[in-house]
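Working notes for the structure below.
Next up, the structure:
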């Protein structure tokens with residue numbers, strides 16, 4: 023896995039949550055996410071973004087996360103679960 | 223996703239720009255209205271939807287330029303990041319409303335006469351951004367389809383606002399919602415609202431330099447040996463003399479005409495007539511320019527204070543640099559000079575031990591490179607003269623089939639065509655595909671191609 027700073031990791035998790043790939047953290051465990059959930063979320067983001075599904079925050083993934091984008095979440099299923107405020 | 227989508231039950235939709243960009247020197251009110259008109263027209267051209275601009279507060283699609291938390295549950299995050307959003311159709315009061323982050327550097331037709339525009343977000347709105355968000359406003363969700371305008375990420379300019387043709391993917395999705403527009407256009411007005419019949423005119427640009435012919439000393443991209451090549455923010459930059467060309471992430475040339483380095487990269491000395499090498503630093507993503515024994519550090523497109531500094535900061539000898547790139551394989555920075563190379567750790571800001579080494583360890587690449595860069599396909603590219611070499615992944619040997627011509631593979635040159643002087647004046651009328659299209663003149667006004 024590429025070298026990642028804590029800041030990059032936090033940014034990545036925040037990004038995945040914001041755009042619907044990662045469900046909100048379990049209130050019991052605070053901000054912790056399971057490694058499996060994180061990996062699946064990264065893969066889903068990579069699949070949606072047309073990247074290779076590595077399941078890790080590689081350079082291409084971090085690069086795409088820095089790309090200017092729309093505020094709306096990408097994952098409609100999760101958006102539904104969250105109440106779909108927009109619709 | 224289609225089952226979840228909502229759509230407008232009516233076919234006549236009113237729109238209004240309620241608030242305008244506050245600090246944009248380029249976007250006047252009339253320009254913004256015109257851009258919105260043409261972005262909506264792209265959708266109404268192929269569906270039975272009809273959009274009418276209105277003056278009142280009851281517009282179906284209210285358009286706002288707003289900042290930070292604007293009380294809709296989706297606060298903006300300043301420059302970069304999220305740039306706009308729109309509410310899907312429905313019964314909500316805010317359904318259809320479209321909000322643009324006023325902290326972004328919204329531009330349309332760069333004052334510099336190129337499409338390179340501002341750094342933070344060079345989003346000529348009608349070319350992409352408004353298209354995407356009006357897609358939401360009429361009920362389309364994001365898609366992962368590469369060819370779709372409804373991908374959530376900014377994809378770069380999409381060309382002439384008057385000639386933009388939606389990708390087939392998007393046509394099919396919007397036809398599934400509203401059907402196909404028949405040959406007879408609807409003319410009925412929505413009741414109780416005023417409207418404008420005539421499209422706004424794109425005319426209030428402070429200085430439309432898009433028709434200015436290229437500078438006489440502008441180099442020919444198809445025959446040039448490049449001074450430097452770099453991947454910056456995922457895009458490719460080819461530097462030659464005082465100019466550079468730019469390619470989007472999906473390797474589309476932004477403009478056939480080069481942009482002057484000084485008009486985009488702010489803070490380089492005015493007398494700097496070329497650069498030797500450029501790279502985006504891993505970690506903090508600052509951009510480093512090399513010329514001779516000096517280097518400049520840029521945060522985005524503005525030089526940092528205290529520069530230039532000597533390249534001895536990197537542990538390099540004072541001989542200058544031919545090439546520099548960051549190898550995706552190990553995230554290390556490699557410097558090349560003549561037939562030697564050095565490996566530098568940008569995270570530790572330290573030159574690795576045991577260098578320089580002989581460039582022959584990189585089998586197949588020439589010495590005295592022009593420059594090198596990594597690309598988003600995971601490969602590394604080395605440039606010299608009119609040719610380039612490709613190394614895949616962690617390989618230190620050139621892939622079979624290389625070198626190949628730079629012009630044909632990267633810069634939309636066909637059989638090494640030349641930008642001869644007699645053809646240059648027509649470049650504003652060339653699409654990136656290289657095909658000619660004629661000047662567009664109708665209704666007594668003229669709109670120039672935005673591809674240049």
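Protein chains in written order, with this note's numbering: chain S, 23 to 109; chain L, 223 to 674.
Positions of the beta carbon are idealized from the N, C-alpha and C atoms, including for glycine.
Chain S within 8 Å of residue i, Cβ atoms only
| i | result |
| --- | --- |
| residue 400 of chain L | no |
| residue 368 of chain L | yes |
| residue 423 of chain L | Only weak support exists for where residue 423 of chain L lies, its pLDDT of 45 falling under 50; the value from the coordinates is given anyway. Not an interface residue. |
| residue 614 of chain L | no |
| residue 583 of chain L | no |
| residue 305 of chain L | yes |
| residue 358 of chain L | yes |
| residue 589 of chain L | no |
| residue 355 of chain L | yes |
| residue 364 of chain L | yes |
| residue 529 of chain L | no |
| residue 501 of chain L | no |
| residue 414 of chain L | In this prediction, residue 414 of chain L scores a pLDDT of 38, lower than 50, which makes its location untrustworthy; the coordinate-derived value is nonetheless stated afterwards. No, residue 414 of chain L does not count as interfacial toward chain S. |
| residue 343 of chain L | For residue 343 of chain L, the pLDDT reaches just 30, beneath the cut-off of 50, and the residue's location in the model is therefore unreliable, leaving the point undetermined. |
| residue 230 of chain L | no |
For residue i, the first and last residue of its enclosing alpha helix (DSSP H)
| i | result |
| --- | --- |
| residue 484 of chain L | 483 to 486 |
| residue 472 of chain L | Where residue 472 of chain L is concerned, there is no enclosing alpha helix (DSSP H), given that its DSSP letter is neither H nor E. |
| residue 67 of chain S | 57 to 71 |
| residue 501 of chain L | Element bounds for residue 501 of chain L: not the alpha helix (DSSP H) but the beta strand (DSSP E), 499 to 502. |
| residue 29 of chain S | 28 to 40 |
| residue 81 of chain S | 81 to 87 |
Any C-beta of chain B under 8 Å from that of residue i
| i | result |
| --- | --- |
| residue 93 of chain S | As a matter of chain content, chain B is missing from the structure shown, whose protein chains are S and L. |
Minimum Cβ-Cβ distance from residue i to chain L less than 8 Å
| i | result |
| --- | --- |
| residue 70 of chain S | yes |
| residue 85 of chain S | yes |
| residue 36 of chain S | no |
Residues bridged to residue i (per DSSP)
| i | result |
| --- | --- |
| residue 626 of chain L | L:610 |
| residue 394 of chain L | Paired residue(s): none; residue 394 of chain L is not in a bridge. |
| residue 526 of chain L | For residue 526 of chain L, which the question treats as bridged, DSSP gives no partner whatsoever. |
| residue 532 of chain L | L:516 |
| residue 372 of chain L | Its beta-bridge partners do not exist; DSSP assigns none. |
| residue 274 of chain L | L:236 |
| residue 510 of chain L | L:501, L:519 |
| residue 285 of chain L | L:239, L:320 |
| residue 91 of chain S | L:304, L:375 |
| residue 400 of chain L | None; residue 400 of chain L has no bridge partner. |
| residue 572 of chain L | L:567 |
Cross-chain neighbours of residue i in chain S, by beta carbon under 8 Å
| i | result |
| --- | --- |
| residue 302 of chain L | 88, 90 |
| residue 598 of chain L | 82, 85 |
Residue i, enclosing beta strand (DSSP E) - first and last residue
| i | result |
| --- | --- |
| residue 565 of chain L | 562 to 567 |
| residue 516 of chain L | 516 to 521 |
| residue 545 of chain L | 545 to 549 |
| residue 238 of chain L | 234 to 239 |
| residue 453 of chain L | 450 to 454 |
| residue 594 of chain L | 593 to 596 |
| residue 254 of chain L | Premise fails: residue 254 of chain L lies in the alpha helix (DSSP H), 251 to 266, not in any beta strand (DSSP E). |
| residue 327 of chain L | Premise fails: residue 327 of chain L is in no beta strand (DSSP E) and is neither H nor E. |
| residue 557 of chain L | 554 to 559 |
| residue 458 of chain L | 457 to 462 |
Proximal residues of chain L, C-beta to C-beta of residue i below 8 Å
| i | result |
| --- | --- |
| residue 59 of chain S | In chain order: nothing, as chain L lies at least about 20 Å away. |
Closer than 7 Å at the beta carbon, the chain L residues around residue i
| i | result |
| --- | --- |
| residue 81 of chain S | 550 |
| residue 32 of chain S | Chain L residues near residue 32 of chain S: none, gap ~15 Å exceeds 7 Å. |
Rounded distance between the beta-carbons of residue j and residue i, thought under 8 Å
| i | j | result |
| --- | --- | --- |
| residue 289 of chain L | residue 400 of chain L | With 8 Å as the limit, residue 289 of chain L and residue 400 of chain L do not qualify as a contact, their Cβ atoms being about 33 Å apart. |
| residue 464 of chain L | residue 495 of chain L | 6 Å |
| residue 323 of chain L | residue 304 of chain L | 7 Å |
| residue 563 of chain L | residue 581 of chain L | 5 Å |
| residue 524 of chain L | residue 512 of chain L | Their Cβ separation, rounded to whole angstroms, is 18 Å, which puts residue 524 of chain L and residue 512 of chain L out of contact at 8 Å. |
| residue 13 of chain S | residue 376 of chain L | Residue 13 of chain S falls outside the range modelled here, since chain S spans only 23 to 109, and no answer is possible. |
| residue 520 of chain L | residue 509 of chain L | 4 Å |
| residue 500 of chain L | residue 461 of chain L | 7 Å |
Within chain S, partners of residue i - CB distance below 9 Å
| i | result |
| --- | --- |
| residue 456 of chain L | 82, 85, 86, 88, 89 |
| residue 375 of chain L | 71, 86, 89, 90, 91, 92 |
Contact list for residue i against chain S, beta-carbon separation under 7 Å
| i | result |
| --- | --- |
| residue 266 of chain L | Residues of chain S passing the Cβ test: none, with the nearest at roughly 21 Å. |
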